[in-house]
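To start, the structure under review is shown below, and the notes come after it.
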Amino acid sequence: MSIKTADQRDLLSTLINSLWRIISGPVMLLAIPYFLTPMEQGFWYTFTGLAALSIFADLGFTTIVLQFSAHEFAHLHFERGRLLSGDKEHLWKLASFFRFTIRWLVRIVSIVFPLIMVGGYFFLSTKSSDIDWRPAWIIYSLASAGAFFNSAVMSFFEGCNSVSLMQSVRFRVAVFGTLTSLTSLALGLNIYALSFSLLITTMTGIIYVLYYFRLPMRQMWHLSANHCYDWWPEFSSLIWRYAISWCSGYFIFQLFTPLAFHFHGVEFSGKIGISIAMWTAGFSIANTWITAIMPRLNMLVSERKWTELDILFRKNLMRTILTLFSGGTIYFILYYLLADHISFFHRVLDPFNMMILFVSWLCQMWINCIAVYLRAHKKEPLMQISFFSGIWVAVTTLLCAKFLSPEYMFLGFLSQYIYGIPIVYHIYIKQKRAHRMMPAEGDHIS
4 MSIKTADQRD LLSTLINSLW RIISGPVMLL AIPYFLTPME QGFWYTFTGL
54 AALSIFADLG FTTIVLQFSA HEFAHLHFER GRLLSGDKEH LWKLASFFRF
104 TIRWLVRIVS IVFPLIMVGG YFFLSTKSSD IDWRPAWIIY SLASAGAFFN
154 SAVMSFFEGC NSVSLMQSVR FRVAVFGTLT SLTSLALGLN IYALSFSLLI
204 TTMTGIIYVL YYFRLPMRQM WHLSANHCYD WWPEFSSLIW RYAISWCSGY
254 FIFQLFTPLA FHFHGVEFSG KIGISIAMWT AGFSIANTWI TAIMPRLNML
304 VSERKWTELD ILFRKNLMRT ILTLFSGGTI YFILYYLLAD HISFFHRVLD
354 PFNMMILFVS WLCQMWINCI AVYLRAHKKE PLMQISFFSG IWVAVTTLLC
404 AKFLSPEYMF LGFLSQYIYG IPIVYHIYIK QKRAHRMMPA EGDHIS
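As C-alpha cells, then:
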C-alpha cells in the first residue's frame, strides 16, 4: 500500500469517527437537558470536570507513547497476524518501550486515580443535595482509570501506523457508549447513565485491543524480557516538560466547572459544563485533521523528510481552523434563528460568553496544531508559555468567579491569547529552523 493511500485511509477512518461525534455530540447535548434536571446536569458536568484531573496521571504520557512508538515503527512493519518484523534493533527498542509503557501505566493508575476518587468525593460533599451521587462518582472514577489505561495502549498502536484500525475501534466504542448513555437516560438512571456508560465502553475497548493486538503484545513482552533498552534518560527529559504543559492545560481548560460549582451553584456549573462540552466537541472534530496525521508527522521527522512534513502540516492546519470556524458560525446562526423556540439554548451560556469561548477555541486550535508539529520532533518548547498561561488563567478565572458576575468568568481565558499567539509563533519559527540542523539519531541497544 502506498504512503498516500495509507494516509487517506487514516484520514478517512478518523473522519468517520469524527462524523459520529458530529451526530452524537448534539444528540447528547440535547438529551442531557431533556432527561436531567438542572441540578443533575450540574453534577454530570462536575463529574467530568473532576475526572479531568486524570491529566495529572497522563502528564503528556499518551502523546509521548505515540511519538516514541512511531519513531521506532518507521523502520518496522506488520506481517500476517500483526506480528512485528523489520530492523532488529528498532524491533527490540519498540518491544522494550512497550514493557516500559505498561509498567509506567500500572504505577500511575494505582497512585493518581485513588487520589482523584477521594478528593472528588470530599469536593462534591461541600454542596448539599437530595441526589444520591456518591455511588455514581465511585463507579465513574474507577471507570476513568480503566479508560486512561486503555487510551494509552491505543496510542501506542496508533504510533505503530495503525491509525485507521484504532480509529475504527474508537468509533465502535463511541457508538456503543452513546447508545448506552441514551438508553440509561431514557430508563431514568440520571447521573448513573454517565458512570455506567463509561464503565461499559472501557471494558469494550479493552476487549477490542486484546482481540486485534494480543499477538504483537505477547511478541513484544517476550522480546523485551531478553533485550532491554534504557528508555528513562530520553523519556525523563521529555515527561517533566510535558507534565508542566499538561498540568497547565487543566487550569486553562478544566477549572471553570468546579469554580462555577463552588461560587455560583450547581445549576450554573451545569450551564458552564454543557457550553464547554459543546466547544470541546467542535474542537475535537476539527482536530481530526491533525490527529489523523500525528503518527505520520513523527515518522517523517524520523526519516528527516522536511519538505513533505511541512506540506502535510500546513494543509491540515488550514483544514482544522476552517472546520472549527465553520462549526462556530453555524451555531450562532442557529442561535439567533431558533433561540426562542428550542429549550436547549436556555441551558447553555449567553451569546456573549459563547462568543468568548468561540474566539478562544479558535486561538487554541492554532496553538494546538503548532504544538503537535513541534512535539513530533520529540521536543516541548512550549513548556514555559504553557506554565505561565496556566497560572494566568487560574488566577484571573478565580478572581472573576469570586468578585465579578458570572458572565465574566472567561475573560482571563481569552486574554491569554493576546500575548500567547505572538510568543508561540516566534517559538515555532525558531524551532523549525533549529530542527533542520539536527544531526540524525544514533541510538544503541544496551
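Residue numbering for the sequence shown follows the numbering used here, starting at 4 and increasing by one per position.
Built from N, CA and C at the ideal position, the CB exists for glycine as well.
Since the model is a prediction, treat every value here as computed from it, not as a measurement.
Legend entry - Chain-order list of residues whose beta-carbon lies under 6 Å from that of phenylalanine 199 (same chain, five-residue window excluded): Ser187
Inset, instruction - State the start and end residues of the unbroken beta strand (DSSP E) segment that holds leucine 79. - result: 79-81
Legend entry - Whole-number beta carbon distance between phenylalanine 152 and tryptophan 282, since they are thought to touch under 8 Å: At roughly 28 Å, the Cβ-Cβ gap does not stay under 8 Å, so tryptophan 282 and phenylalanine 152 are not in contact.
Inset, instruction - Output the distance between the C-alpha atoms of valine 68 and tryptophan 292, rounded to the nearest integer angstrom. - result: 20 Å
Legend entry - Sequence-distant residues of its chain with Cβ nearer than 8 Å to methionine 157 (five each side left out): Met169, Val172, Arg173, Gly208, Val212
Legend entry - Local conformation of leucine 87 per DSSP, three classes: strand
Inset, instruction - Give a yes or no on whether the C-beta atoms belonging to glycine 149 and leucine 182 are separated by under 9 Å. - result: no
Inset, instruction - For the segment 232-240 and the segment 96-106, state whether three or more C-beta atom pairs, one from each stretch, are separated by less than 8 Å. - result: yes
Inset, instruction - Over the uninterrupted alpha helix (DSSP H) stretch that includes tyrosine 143, give me the two end residues. - result: 137-162
Legend entry - Length of the line joining the Cα atoms of leucine 303 and alanine 295: 14 Å
Inset, instruction - Output yes or no for whether 9 Å exceeds the beta carbon distance between tyrosine 48 and isoleucine 275. - result: yes
Inset, instruction - May I have the straight-line CA-CA distance separating isoleucine 426 from tyrosine 37, to the nearest angstrom? - result: 43 Å
Legend entry - Proximity of glycine 52 and phenylalanine 259 at Cβ, strictly below 9 Å: yes
Inset, instruction - Please state whether DSSP places arginine 307 in a helix, a strand or coil. - result: coil
Legend entry - Close-in-space but distant-in-sequence residues of the same chain around histidine 78 (CB under 7 Å, 5 per side omitted): Gly89, Asp90, His93
Inset, instruction - Check whether the segment 129-149 touches the segment 108-117, taking contact to mean three or more Cβ pairs, one atom from each stretch, closer than 8 Å. - result: yes
Inset, instruction - Give me the Cα-Cα distance between isoleucine 432 and cysteine 372, rounded to the nearest whole angstrom. - result: 14 Å
Legend entry - Boundaries (first-last residue) of the alpha helix (DSSP H) holding glycine 285: 269-289
Inset, instruction - Verify whether the separation of the beta carbon atoms of leucine 262 and leucine 401 is less than 9 Å. - result: yes
Legend entry - Own chain residues within Cβ distance below 7 Å of serine 154, not counting five before or after: Thr65
Legend entry - Beta-carbon contacts of arginine 378 that lie in its chain and below 7 Å, excluding the five residues immediately before and after: Thr66, Gln70
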